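Residues are numbered in our numbering as their position in the sequence shown, beginning at 1, plus a constant of 8.
From the three backbone atoms N, C-alpha and C, an ideal C-beta is built for every residue, glycine too.
All values reported here derive from a predicted model rather than from experimental measurement.
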Amino acid sequence: VPRPRLIERLNAGSKLTIISASAGFGKTTLLSAWIADCGRPVAWLSLDESDSDLSRFLTYVIAALQTVQPTLGENLLAALQTPQPPPVETLLTSLLNEISALPDDVILVLDDYHLLDSKAVDAALTFLVEHLPPQMHLVIATREDPPLPLARLRVRGQLTELRAADLRFTPSEAAEFL
9 VPRPRLIERL NAGSKLTIIS ASAGFGKTTL LSAWIADCGR PVAWLSLDES DSDLSRFLTY
69 VIAALQTVQP TLGENLLAAL QTPQPPPVET LLTSLLNEIS ALPDDVILVL DDYHLLDSKA
129 VDAALTFLVE HLPPQMHLVI ATREDPPLPL ARLRVRGQLT ELRAADLRFT PSEAAEFL
(Lines of atoms letter the chains of each structure in order from A and count residues from 1; the text may use other names and numbers.)
(Lines give C-alpha, C1' and ligand atoms only; values in the text may rest on other atoms or scores of the structure.)
Protein backbone atom coordinates (compact mmCIF):
# COMPACT_ATOMS: atom_id res chain seq x y z
CA VAL A 1 0.00 0.00 0.00
CA PRO A 2 1.52 3.32 -1.00
CA ARG A 3 1.97 5.58 2.05
CA PRO A 4 2.73 9.04 0.68
CA ARG A 5 1.95 10.80 3.98
CA LEU A 6 4.70 8.79 5.72
CA ILE A 7 7.14 9.01 2.81
CA GLU A 8 6.70 12.79 2.92
CA ARG A 9 7.62 12.85 6.61
CA LEU A 10 10.68 10.70 5.95
CA ASN A 11 11.76 12.99 3.10
CA ALA A 12 11.44 16.02 5.37
CA GLY A 13 13.30 14.22 8.16
CA SER A 14 15.92 15.86 10.31
CA LYS A 15 19.33 14.46 11.26
CA LEU A 16 17.77 11.54 13.17
CA THR A 17 14.60 9.64 12.37
CA ILE A 18 13.20 7.10 14.80
CA ILE A 19 10.60 4.63 13.57
CA SER A 20 9.36 2.89 16.67
CA ALA A 21 6.50 0.39 16.90
CA SER A 22 5.79 -3.22 17.77
CA ALA A 23 6.39 -6.09 15.39
CA GLY A 24 4.14 -6.14 12.35
CA PHE A 25 3.62 -2.39 11.97
CA GLY A 26 5.56 -2.28 8.69
CA LYS A 27 8.66 -0.36 9.77
CA THR A 28 11.03 -2.18 7.44
CA THR A 29 8.50 -2.22 4.59
CA LEU A 30 8.02 1.54 4.88
CA LEU A 31 11.77 2.14 4.93
CA SER A 32 12.28 -0.08 1.89
CA ALA A 33 9.61 1.79 -0.07
CA TRP A 34 11.08 5.16 0.93
CA ILE A 35 14.62 4.16 0.03
CA ALA A 36 13.56 2.86 -3.37
CA ASP A 37 12.45 6.37 -4.37
CA CYS A 38 14.50 8.75 -2.21
CA GLY A 39 17.31 9.19 -4.73
CA ARG A 40 20.04 9.25 -2.08
CA PRO A 41 22.68 6.62 -1.34
CA VAL A 42 21.69 4.37 1.53
CA ALA A 43 23.79 2.23 3.87
CA TRP A 44 21.56 -0.36 5.54
CA LEU A 45 22.55 -2.39 8.58
CA SER A 46 20.19 -5.07 9.91
CA LEU A 47 21.19 -5.71 13.51
CA ASP A 48 21.00 -8.78 15.73
CA GLU A 49 21.94 -9.60 19.32
CA SER A 50 25.57 -10.39 18.49
CA ASP A 51 26.06 -6.82 17.26
CA SER A 52 25.95 -5.63 20.89
CA ASP A 53 29.74 -5.93 20.90
CA LEU A 54 31.03 -2.40 20.27
CA SER A 55 33.88 -3.43 17.99
CA ARG A 56 31.58 -5.61 15.90
CA PHE A 57 28.92 -2.87 15.77
CA LEU A 58 31.42 -0.26 14.56
CA THR A 59 32.90 -2.69 12.04
CA TYR A 60 29.46 -3.36 10.61
CA VAL A 61 28.51 0.33 10.53
CA ILE A 62 31.70 1.08 8.59
CA ALA A 63 31.09 -1.89 6.27
CA ALA A 64 27.54 -0.65 5.61
CA LEU A 65 28.86 2.85 4.84
CA GLN A 66 31.42 1.31 2.49
CA THR A 67 28.54 0.13 0.28
CA VAL A 68 28.05 3.83 -0.44
CA GLN A 69 31.72 4.93 -0.41
CA PRO A 70 34.10 1.93 -0.69
CA THR A 71 37.15 3.63 0.82
CA LEU A 72 35.34 5.16 3.79
CA GLY A 73 36.75 4.01 7.11
CA GLU A 74 39.47 1.72 5.77
CA ASN A 75 41.98 2.93 8.36
CA LEU A 76 39.36 2.66 11.10
CA LEU A 77 38.70 -0.98 10.27
CA ALA A 78 42.41 -1.67 10.56
CA ALA A 79 42.54 0.20 13.91
CA LEU A 80 39.57 -1.83 15.24
CA GLN A 81 41.50 -5.03 14.51
CA THR A 82 44.54 -4.07 16.59
CA PRO A 83 45.04 -5.55 20.08
CA GLN A 84 44.79 -2.04 21.60
CA PRO A 85 42.36 -0.05 19.46
CA PRO A 86 42.27 3.73 19.97
CA PRO A 87 39.59 5.24 22.23
CA VAL A 88 36.08 5.02 20.77
CA GLU A 89 35.67 8.80 20.55
CA THR A 90 38.88 9.02 18.50
CA LEU A 91 37.58 6.38 16.09
CA LEU A 92 34.17 8.00 15.83
CA THR A 93 35.64 11.46 15.29
CA SER A 94 37.73 10.10 12.46
CA LEU A 95 34.68 8.39 10.95
CA LEU A 96 32.62 11.58 11.24
CA ASN A 97 35.40 13.55 9.54
CA GLU A 98 35.39 11.11 6.63
CA ILE A 99 31.61 11.29 6.36
CA SER A 100 31.72 15.10 6.37
CA ALA A 101 34.08 14.94 3.37
CA LEU A 102 31.54 12.98 1.29
CA PRO A 103 30.26 14.98 -1.68
CA ASP A 104 26.69 13.70 -1.38
CA ASP A 105 24.17 13.12 1.37
CA VAL A 106 23.98 9.59 2.73
CA ILE A 107 21.36 7.77 4.76
CA LEU A 108 22.41 5.22 7.37
CA VAL A 109 19.63 2.84 8.41
CA LEU A 110 19.98 0.80 11.59
CA ASP A 111 17.19 -1.77 11.49
CA ASP A 112 16.11 -3.72 14.61
CA TYR A 113 18.12 -1.58 17.04
CA HIS A 114 16.02 -2.98 19.92
CA LEU A 115 17.96 -6.27 19.64
CA LEU A 116 21.13 -4.61 20.94
CA ASP A 117 21.88 -4.62 24.64
CA SER A 118 25.03 -2.61 25.15
CA LYS A 119 25.66 0.63 27.00
CA ALA A 120 28.91 1.00 25.03
CA VAL A 121 27.04 0.82 21.69
CA ASP A 122 24.38 3.23 23.01
CA ALA A 123 27.12 5.67 24.09
CA ALA A 124 28.87 5.40 20.71
CA LEU A 125 25.59 5.99 18.88
CA THR A 126 24.83 8.98 21.11
CA PHE A 127 28.24 10.45 20.21
CA LEU A 128 27.53 9.87 16.50
CA VAL A 129 24.07 11.44 16.69
CA GLU A 130 25.32 14.48 18.58
CA HIS A 131 28.08 15.10 16.02
CA LEU A 132 26.47 13.99 12.75
CA PRO A 133 27.65 16.04 9.80
CA PRO A 134 24.97 17.62 7.60
CA GLN A 135 25.58 15.03 4.86
CA MET A 136 24.34 12.17 7.02
CA HIS A 137 20.83 11.25 7.98
CA LEU A 138 20.47 8.45 10.53
CA VAL A 139 17.33 6.30 10.61
CA ILE A 140 16.72 3.87 13.45
CA ALA A 141 13.93 1.28 13.16
CA THR A 142 13.16 -0.29 16.51
CA ARG A 143 10.47 -1.77 18.71
CA GLU A 144 11.46 0.43 21.66
CA ASP A 145 13.09 3.82 21.97
CA PRO A 146 16.86 3.68 22.06
CA PRO A 147 18.57 5.30 25.07
CA LEU A 148 19.56 8.41 23.15
CA PRO A 149 19.00 12.07 24.13
CA LEU A 150 15.68 12.12 22.25
CA ALA A 151 14.17 14.97 24.30
CA ARG A 152 17.14 17.23 23.54
CA LEU A 153 16.99 16.35 19.83
CA ARG A 154 13.21 17.02 19.80
CA VAL A 155 13.69 20.46 21.32
CA ARG A 156 16.40 21.31 18.78
CA GLY A 157 14.19 20.16 15.89
CA GLN A 158 16.69 17.44 15.00
CA LEU A 159 14.37 14.45 15.47
CA THR A 160 11.66 13.02 13.24
CA GLU A 161 9.52 10.37 14.88
CA LEU A 162 7.14 7.84 13.40
CA ARG A 163 5.28 5.86 16.04
CA ALA A 164 2.68 3.08 16.00
CA ALA A 165 -0.13 5.65 15.69
CA ASP A 166 1.54 7.05 12.56
CA LEU A 167 2.14 3.61 11.05
CA ARG A 168 -1.45 2.43 11.48
CA PHE A 169 -3.38 2.34 8.24
CA THR A 170 -5.84 5.14 7.63
CA PRO A 171 -9.32 3.95 6.60
CA SER A 172 -8.47 4.51 2.92
CA GLU A 173 -5.15 2.62 3.25
CA ALA A 174 -6.95 -0.27 4.96
CA ALA A 175 -9.57 -0.34 2.22
CA GLU A 176 -6.86 -0.38 -0.45
CA PHE A 177 -5.02 -3.18 1.36
CA LEU A 178 -8.16 -5.30 1.65
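Around Ser63, the same chain offers Leu88 as residues with beta carbons nearer than 6 Å, after the five sequence neighbours per side are excluded.
Counting only unbroken stretches of 3 or more residues, the beta strand (DSSP E) elements lying wholly within the stretch 70-126 are 114-119, in sequence order.
For Ile27, DSSP records a beta bridge to Ala149 and Leu170. Taking Pro111 as the centre and dropping the five residues before and after it, the same chain places no C-beta closer than 6 Å to its C-beta. Comparing C-alpha distances from Leu38 to each of Ala182, Leu186 and Leu175 shows the shortest one belongs to Leu175.
Taking the C-beta atoms as reference points, Val9 is found no nearer than 8 Å to Pro49. Rounded to the nearest angstrom, the Cβ distance from Leu140 to Lys23 is 5 Å, consistent with a contact under 8 Å. Using a Cβ-Cβ distance cut-off of 8 Å, the stretch 123-136 and the stretch 55-73 are in contact, since at least three pairs of beta carbons, one from each stretch, lie closer than that value. Under a 10 Å Cβ-count criterion, Val147 is classified as buried, with 16 or more other Cβ atoms of the shown protein chains found around its own Cβ. For Leu53, no alpha helix (DSSP H) encloses it; the enclosing beta strand (DSSP E) starts and ends at Val50 to Ser54. Here the alpha carbons of Ala31 and Arg162 stand approximately 24 Å from one another.
The continuous stretches of alpha helix (DSSP H) do not include Val9, and DSSP gives it neither H nor E.
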